[in-house]
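For what it's worth, full-length UniProt numbering labels the leading residue of the sequence shown as 1, then goes sequentially.
Yeah, the Cβ is synthetic: ideal placement off N, Cα and C, and Gly gets one too.
Treat the numbers as computed from the prediction; the structure is a model and nothing was measured.
Working notes, beginning with the structure itself.
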Amino acid sequence: MRLKNYYEDPDILHVGTTKERAYYIPQKPENLPSKMLLNGDWRFYYGEDPEEIPEGFYEKGYPSEEWHTIPVPGCWQNYGYDTHQYVCNYYPFPYRPPYVPKQNPCGAYIREFVLEASSIGKRQYLNFEGVDSCFYVWVNGEFAGYSQVSHSTSEFEITDLVTEGSNTLAVLVLKWCDGSYLEDQDKFRMSGIFRDVYLLERPQNHIQDIFIQAKLDDSLKTGVLEANWESTEGDLEINAVLQASDGNILAEEKVNAGCLRFPVDDPVLWNAEQPRLYTLTLDSGEERIVQQIGFRKIEIIDSVVYLNKVPVKMRGVNHHDSDPVTGFVMDREQVLKDLALMKQHNINAIRTSHYPSSPWFMEMCDQYGFYVLDEADLESHGAAEFYGGSREETYGDVIQNPIFYQAVQDRVRRCVHRDKNRTSVIIWSLGNESGYGVSMEDAGRWVKEFDPDRLLQYEGSIWETGGHKNDTSMLDLYTTMYDSTFDIEKYLNNPDWKKPYMMIEYAHAMGNGPGDLEDYQKIFDGNPRVFGGFVWEWCDHGVYMGTADNGKAKYYYGGDFQEELHDDNFCMDGLVYPDRTPHTGLKELKNVLRPIRAFLKDKENKEVELENKMDFTALEDRLYIHYTVEQDGAVICEKDLYPLNHPAHEKRSYHLDYTVPSSGICTLTLEYKTLKKEDFIEKDTVVGFDQFFLQKGGHKIKTTDSGSIRTEELKHYIYVEGDDFTYRFDKYAGAFDQIICSGCIYTTKPIQYNVWRAPTDNDRLAKLEWQKAGYDRIQACVKETEVKQLENAVQICVSLELAAAHIQPCVEAQVQWNVYADGTISTDIKAERNMEMPFLPRFGIRMFLPKSFSEASYLGYGPMESYLDKHQASRFGRFSAKVKDLHEDYIKPQENGSHYHTYEVSLSNGTGDQIEVYSEDTFSMQVLPYTQEELSAKKHNFELEEHTETVLCLDYKMSGVGSQSCGPELKEEYRLKEERMNYQLMIRFKSLRRK
Ligand code: IPT
């Protein structure tokens, strides 16, 4: 069909839409609905470009019966049309603003709706809450309008176009428009009507836009609720009622003037911990608008952000609207699930990256208590990516292009107007990664003038391009993304930089990570000027493609749809899997954000200091402490403690009551549990914990020294035999390759020296160096082997080097293997690292045990995987698990399931055989059904094949994981880079069959 080309005309953003307004759903008297939801199955015709759409498809009576149907809301790529593409910051089409490809996939939608006779004479407003990317609308064959800005509401008054009885609504949606240059967000690029569509039936004269502000004086004791509105046809008498949360009427007044002021004495304040809301009802007799509003005051005093005079911090996450089945579509149930999970993990803030979520999303945040950074639907990141492009050079090319000036204003204003009555919104954002220029500055000035009571931020303002001198005076915060803790300190130490500092993105949660949450939190908490941050990001974006033969869900990411241009698995960077199962990273975040922090002040006197990290809640109103003392992982004492009189932010000391036994590793664990049921959290739920070592001290291992041991050394092998065992030592491998004890074959492969791990997403740069150094294909090069007879054991001493073909050694080692008469093997590994080579992913040994060894038990940090820099969610204790459950199933397989700070691990086969490994000092342990090679090789978790044996890694150390997939380099202290490494292990074989 032929169309008026609005979609490549940046001067035409909307045709026939009403003036942008605040979101509300009006009610009729007697609570009759004024809203007719038009969601459901619509008839659908897909075209590769608008020419393919039948001419006149929008006419009433057009024969569309044969068309397929598609759900609205929905993204057509999820229903077999067009194809999925995941790109982060590239424009998916040639860069020729404002033009888009001629081949512009599009969808024609048709549905009917019926109006009763009673509706005629009323005003009818057609609302679309989200359509990607632009759309044309016809009602009964007449053109009703056009709109763009995917994540904003477009409202059309169609009063004159409708009739009693059946009406035809037709919509043509185009995949690309000039607005796509401003919607280059990191996401799967999906299209269609993806949010609610509805008709509002309203009286002739009604409130159009309304701005409600709950203001507080400086003492916070006097509040004033102010509302200002416009009505469609002048004077409109409104009965206004203000109610407290218990329903009590606080004020009531008839007003004509379009504004009201209700003073409220000593208002109950809103905050994310106690989201108390008042209800304002504006009733014209024919229509009622009900809005829930909270009193809160946000301000900056001496570079510190205060909410209600309390310094608060954003403990936030970035939230995209994303679901593996429904794509951009998120209904209330899906959102509620996300919000519930966030509350359960101590998250108090959300950045709606990089566009406003559904308008009712913010209402839910008001209700359940989240601080929201509401971001305009604006990103032109691709401008830094075209030929000759860079952030330094061309970042601002789109934003500074005068043809987009109006569009930038429109996008920012639409966001602010729609959500201006939402208490939860405390920060506006001009957008994400678009460079900076006059258009942004003007948009920012408008926001501050229109709504001075909220904060304004825009990270992209730190980039100066195109000869433009940036004016950032209207921005309240200095915001960055992915700064290292060192960068933050640099900012804080510069006396010229006065704005509060906030990280709109940090701790990139891709794959196994983030490993730096605790370090960031320390610097956030330690500096009042730091207003916290938002972890990137909430969920992995994948597309659900059914179930694989092994029963696993298949989630596709970039490249899986054969897209030529894509960003691989960079979309798999969430704290939750696509189905919302938490990653270990989310559990890590939960404990980093725990509402109490404890310090063992005086070990002798059993005195702990508790710091209430909540901003508004006294401890005694929410939590009690359950504490346990464990000896070698066994509970020897447990008690409850109920703090009293412990206000928010305060530190107070408490005496605990326990005795410490004279031996063993003893820990004290304090768990913070809820006193009562909360919205999303049951009573007695552990919301965080702290743990302290009361007594260290590893294992002294005894071996029997009686019994005979025979040895025989041949060219390739050394045989070591006792009464109940036969071991073979491979002189080429420098380790045992056959272990048979009490009739059980423990291994038939050489124990390997190991420096490799399946690269994590965060290793994406480090791994390039590691591969150059040959760490992924290391060989043990034995220099010398010597057998010695000790008093009670046989000792095999090996000196060896580890090196890959054609590469110099990265490690030189002296290893002693002792075999005792009871079959116990001990090893003492002394190694020196080649300091010219990169830090090591790990250093240790690897054993292959029969698959039947599938039950594990360990004394170390668990039950979650734990690393040098990622062990806040795990605690020291004794844990048992099936080997298959020790694997963390990242969508893109990678190193996982290691356990930091382990003293003991044992594996048993269910028929009475057991291998136990101990050390006097700690080591890192990993036991998995997969090899590191398999985890390195496969692109998706559902492709993983279990190894024929159980793989046991016993590492001197494993490097930390960090967050370098998009963040700073792994900190020095988390790298395995020491020159000398030394550790000992005792390996014991036990059989129930053996007496
Ligand atoms: C930054 C983006 O703002 C965000 O949308 C996302 O792409 C994230 O990082 C990475 O997952 S952009 C970054 C490439 C600097």
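Following a CB-centred definition, is residue i positioned closer than 6 Å to any heavy atom of the ligand IPT?
i	result
residue 966	yes
residue 567	no
residue 183	no
residue 536	yes
residue 433	yes
residue 573	yes
residue 186	yes
residue 88	yes
What would DSSP say about residue i, mapped onto helix, strand or coil?
i	result
residue 831	strand
residue 68	strand
residue 402	helix
residue 98	coil
residue 775	helix
residue 417	helix
residue 1004	In the structure as shown, the chain begins at 1 and stops at 995. Residue 1004 is therefore absent and cannot be evaluated.
residue 85	coil
residue 708	coil
residue 445	helix
residue 676	coil
residue 77	helix
residue 690	strand
residue 966	coil
residue 938	coil
residue 320	coil
residue 727	strand
residue 944	coil
residue 334	helix
residue 985	strand
residue 261	strand
Between residue i and residue j, how many whole angstroms is the CB-CB distance? I'm expecting something under 8 Å.
i	j	result
residue 974	residue 869	4 Å
residue 245	residue 207	Rounded, the Cβ-Cβ distance is 24 Å, inconsistent with contact.
residue 393	residue 281	Between residue 281 and residue 393 the Cβ distance is about 54 Å, and since that is not below 8 Å, they are no contact.
residue 768	residue 783	The Cβ separation is near 30 Å, so there is no contact.
residue 950	residue 924	About 17 Å; that fails the 8 Å criterion.
residue 125	residue 200	4 Å
What beta strand (DSSP E) runs, 3 residues minimum, are completely inside the region 3-64?
35-37 and 40-47
Contact the region 288-297 vs the region 270-278: 3+ CB pairs below 8 Å:
yes
Counting Cβ pairs closer than 8 Å, one from the region 801-815 and one from the region 757-766, do we hit at least three?
no
Which whole runs of the beta strand (DSSP E) in the region 571-654 are 3 residues long or more, in chain order?
596-602, 607-612, 623-631 and 634-641
Flag this pair as touching only if the region 975-983 and the region 770-788 have three or more C-beta atom pairs under 8 Å; answer yes or no.
no
Could you tell me whether the region 532-548 touches the region 571-579, where touching means 3 or more Cβ pairs closer than 8 Å?
yes
Is it the case that the region 407-426 contacts the region 216-225, given that we only count it when at least three CB pairs across the two stretches are under 8 Å?
no
If we count Cβ pairs, one from each stretch, closer than 8 Å, do we get three or more for the region 103-117 versus the region 310-330?
no
Whole runs of the beta strand (DSSP E) within the region 158-240, excluding any shorter than 3 residues
165-174, 197-202, 207-216 and 222-231
Just checking, does the region 630-641 make contact with the region 874-882 on the three C-beta pairs under 8 Å criterion?
yes
Whole beta strand (DSSP E) runs in the region 451-530 with 3 or more residues, listed along the chain?
455-457, 478-481 and 501-506
Counting beta carbon pairs with one atom in the region 895-906 and one in the region 853-872, are three or more of them shorter than 8 Å?
yes
Is the region 53-67 in contact with the region 133-147, if contact means three or more CB pairs nearer than 8 Å?
yes
Determine contact between the region 385-396 and the region 563-575, defined as no fewer than three beta-carbon pairs at a distance below 8 Å.
no
Within 8 Å, do at least three Cβ pairs link the region 603-615 to the region 643-652?
yes
Meets three-Cβ-pair contact criterion under 8 Å: the region 592-607 and the region 511-531
yes
Measuring CB atoms only, is the region 489-507 touching the region 832-852, in the sense that at least three cross pairs come out at less than 8 Å?
no
Validate contact between the region 928-944 and the region 548-559 using beta carbons, cut 8 Å, 3 pairs:
yes
Fully enclosed by the region 752-810, which alpha helix (DSSP H) runs are 4 residues long or longer?
766-772
Decide yes or no for the touch test of the region 8-21 against the region 152-163: beta carbon pairs closer than 8 Å, at least 3 of them.
yes
Count the CB pairs spanning the region 253-273 and the region 166-174 that are closer than 8 Å, and state whether there are at least three.
no
How do the region 405-416 and the region 374-381 stand: do at least 3 beta-carbon pairs fall below 8 Å, yes or no?
yes
Would you call the region 664-684 and the region 323-334 in contact, with 3 or more CB pairs under 8 Å?
no
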